[in-house]
Amino acid sequence: MTAFELRRKYIEYFKEHGHKEIPSAPVVPENDPTVLFTTAGMHPLVPYLLGQPHPQGNRLTDYQKCIRTGDIEEVGDNSHLTFFEMLGNWSLGDYFKNESIHMSYELLDKVLGFDMDKISVTCFEGEDGIPKDEEAASYWVDAGIPRERIYFLGRKHNWWGPAGETGPCGPDTEIFYDTGKPACGPNCDPSCSCGKYLEIWNNVFMQYNKTKEGTYEPLKQKNVDTGMGLERVIGLLEGKPSVYETELFKAEIDKIKELAKNPNEQSSRIIADHLRTSIFMIIDGVRPSNVDQGYILRRLLRRVIRHMRKIELDTNAIDVLVTTFIDEILYEMYPETKSNKDVCVEVIVAEKDKFIKTLENGEKEFAKNAAKVKEQGGNKLPGELVFRLYDTFGFPPEMTDELAKENDLTLDMAEFDKLFQEHQEKSRAGAEQKFKGGLADHSEQTTAYHTATHLLHKALQIVLGPHATQKGSNLTAERLRFDFANPTKLTPEELQRVEDIVNEQIQRDLKVTCEEMTLEEARESGATGLFENKYGDKVKVYTIGDFSKEICGGPHVEHTGDMGHFKIKKEEAVSSGVRRIKAVLEK
Ligand code: SER
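Read in order, the letters of the sequence shown are residues 4 to 590 in this note's numbering.
Structure, rendered in C-alpha cells:
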C-alpha cells in the first residue's frame, strides 16, 4: 500500500461513517500564540472541541501537516521526524468511546489489513476523581482484543493534551503494533521504548478543558479526537524497518547518498527530514530569522548544511536536493510543493550562502580549540569559546554541543550562561544609552512609534495570519519602518484594515504595562518575541491592554490615547517573502 492509498482509505472509511472531510490547516497555527507550530490534527479544531459549532457538522476527518521539533536531536534513528502527517477523525459531541473504538478496530482489521493478533491497546488507569477506563477496555474486548493485550497505564502515557498551554484534553486509549522483536525484559509492555511495540493510533476522549490556572473543567460536550501517524503506519504496511526506507523518503535518501563522497545513514536521514520540514514551513510563509518560527527554520537549514559538509556533499547541490524531493516524492501527495518550488529553492539557497561563510570560520575556530583542550588532556570546552562561536560566528549553543559530542567533549555551559547574561546587560544598557543620547530631542515621539510598531505587528497578524511576523524594524522621530513575512503584496483593503485596527487600539486608550520575567514565563504568558533571548535570565514583557504582548526592551508610552492618527505611507518588497511598511503618526 502506498502512502497515497493509505490516506484515501482512511478518509473514505470515515466518510462512509458520516464524517465530512476538511482541509489541512497551515503548519503555523492561526489562533494559538502559545505554540509555534501545528503539532496535531486537533490543533486547528480547538474552538470546536470547546463547543463552537463546526460549519461541516459534528463528524470530521482529515490529514493534517504537523511539525514537532522537540525531538530534533533524535532525528536520524528509524522513526523520529520533525514533519509528519496525521490522519484523524473527530466527534464533536457526537459519538464517544464505544463507536470510536469499534470503528478503529474495523479500519485496522478490514480496511488496512493489519494482523489483529499483533495489536495491543492501552487505557487510562485512573487517578483522583477520574475513574480507571474500564469502559474503553470493555469495548476493546467486544471488538476482539483479548484482555491480556489490554494494559492500564497512568497519566504519563494515557492522557493527551492540551496542545498548547490551555485547552481540551482527556484520557486516551492508544493502539500498538507488536513488531515481533523479543521483549526486552519481563516488564516489557507498550509503555516501553525498546522498539517491540510501536504506537500507531491514539484515540483521545476529550472531556476536560485545562484552564490558565491549571485546573480541569468538564467540557460542554464529550469529544473524540484521534490521530494516526501516516509515516509510521506506512512503514509497517510496507514492512520496512525504518520510515526512511519507504517511498516517502527513498528517492531523496538515494540522491543524497549518490551525491555524497562520504555518505552515512544518519546524516542522510537528518538532511532529508530537515529539508522536508523546511519546504513545508516555507510554503506556509515562514522565512529564516532569529525569532519564533523563523529561528526554527534557520536551525533546521543550518543542520542540513552542516551534515552535507560532514558527508562531503557539495552544499551548492542543495537546490538539487530540494527539487528531487519535490519532483520525485512530495508533489504527488502535496501538489502545493510543485507550485512553490522556486520560492523554496530561492529561500534555501540564500540561507545556505549566508551560513556557509560563517560556518567555515567557526568550524576552524572550534577545531583549533578542541585540539588544544585535548592536548592538555581535558574534555570540557570553555564557555568563553561557546560564547564566541555564538556571538561572532552565529553558532547556536545546541550546534556547538553537537560538534562537541562528536569529538567526545562537553561544554562549560555555566560559564557560557554567565557570559551571555553579561552581554545581554551590556547591550541593553548600550541601547538605552544610545536612545537617551541620539534621540533626546524627540524621544517622546520615538517612544510613540515604538508602541505603534507593536500595534502594527499584531494588526498584521490579525489581517494576514500568524506567519506575518517581524523581520526587522527601524524608528526615527518622524516615522516607523517595519519589515514582516508575507509572500505577496498587500491589497489596498488589507492595508486599510491594518490601519483601522491600529487606530482603533489608539482610540481605546489602552494601558501599556511592563513586567520583568524569565523567558520561560514570558512564553507561557503568550508573549511573542525574540528567541535570541533564550539564554538571558530576565526579559521585559510589554502588554498593551488586551491587544498585544511582546518581549521587548522598551520604552513605550503609558497609554495609547494620545499617540496621534496612524497612517501607512508605503508598502513595498524588501526581499523574497518579506514586505516593508512605512507609517507615520499624525498629530
Ligand atoms: N491529539 C492526539 C495526538 O496527537 C490524537 O490526535 O496524538
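Just so you know, even glycine gets a beta-carbon here, dropped at the ideal spot from N, CA and C.
Asked, Found
"Shell residues, 6 Å Cβ cut-off relative to heavy atoms of the ligand SER", "A43, G44, M45, G91, W163, N205, V207, D228, T229 and G230"
"Cutoff 8 Å; reference E77; Cβ partners in own chain excluding five residues on either side", "H83"
"Beta-carbon proximity check, F487 vs A462, cutoff 8 Å", "no"
"Neighbourhood of F569 by C-beta, 7 Å cutoff - its chain only, sequence neighbours within 5 removed", "A455, E502, V505, N506, I509, A586 and L588"
"S271 to M416 span [Cα, whole Å]", "29 Å"
"Which residues DSSP lists as bridging C69, in chain order", "F87"
"Per DSSP, cross-strand counterpart(s) of S578", "V581"
"Residue range of the unbroken alpha helix (DSSP H) whose run includes A353", "K344 to E378"
"Length at least 4, wholly inside the region 390-432: the alpha helix (DSSP H) runs in chain order", "400-409"
"Check: L300 C-beta below 7 Å from any heavy atom of the ligand FMN", "In the structure on display, the ligand FMN does not appear, and the ligands it does have are the ligand SER."
"Classification of P134 by the beta-carbon crowding that lies within 10 angstroms, buried from 16 upward", "exposed"
"Inter-residue spacing [alpha-carbon to alpha-carbon] between L493 and V350", "20 Å"
"Three-state class that DSSP yields for Y538 in the structure shown", "Per-residue confidence for Y538 stands at a pLDDT of 42, beneath the threshold of 50, marking its modelled position as unreliable; the derived number appears in the next sentence. In this structure, Y538 counts as helix in the three-state DSSP scheme."
"Three-state class that DSSP yields for A6 in the structure shown", "helix"
"Those runs of the alpha helix (DSSP H) which lie wholly inside the region 253-321 and span at least 4 residues", "253-262, 268-286 and 295-313"
"Sequence-distant residues of its chain with Cβ nearer than 7 Å to L39 (five each side left out)", "D295, Q296 and I299"
"Chain-order list of residues whose beta-carbon lies under 7 Å from that of A254 (same chain, five-residue window excluded)", "T327, E331 and I332"
"Run of the alpha helix (DSSP H) containing E497, from where it starts to where it stops", "P495 to Q510"
"Buried versus exposed, by CB contacts within 10 Å (16 or more), R158", "exposed"
"Secondary structure of A525, DSSP reduced to three states", "helix"
"Own chain, CB closer than 8 Å to D512, minus 5 neighbours either side, in chain order", "H562, T563 and G564"
"Cβ neighbour criterion (16 or more within 10 Å) applied to K355", "buried"
"Pair within 8 Å by beta-carbon distance, I286 and L239", "no"
"Beta-bridge pairing of E553 - partner residues as DSSP gives them", "T531 and Y545"
"Under 8 Å between C-beta atoms of L90 and Y108", "no"
"Reference I314, options R290, K264, G288 and T280, closest by Cα", "K264"
"Inter-stretch contact at 8 Å, needing at least 3 Cβ pairs: the region 187-201 / the region 58-65", "no"
"Residue-level contact to chain D via CB, N477, 8 Å cutoff", "Included in the structure is just one protein chain, with no chain D present."
"For M119, the three-state DSSP class (helix, strand or coil)", "helix"
"First through last residue of the alpha helix (DSSP H) which encompasses P221", "Taken as a continuous stretch (DSSP letters only), P221 belongs to no alpha helix (DSSP H), being part of the beta strand (DSSP E) at Y219 to G232."
"Cβ separation of M45 and A166, assumed to be a contact under 8 Å, to the nearest whole Å", "7 Å"
"Beta carbon of Y180 nearer than 8 Å to that of K121", "yes"
"Sequence-distant residues of its chain with Cβ nearer than 7 Å to L156 (five each side left out)", "T125, E128 and S194"
"Bounding residues of the alpha helix (DSSP H) (the contiguous stretch that carries V144)", "E137 to A146"
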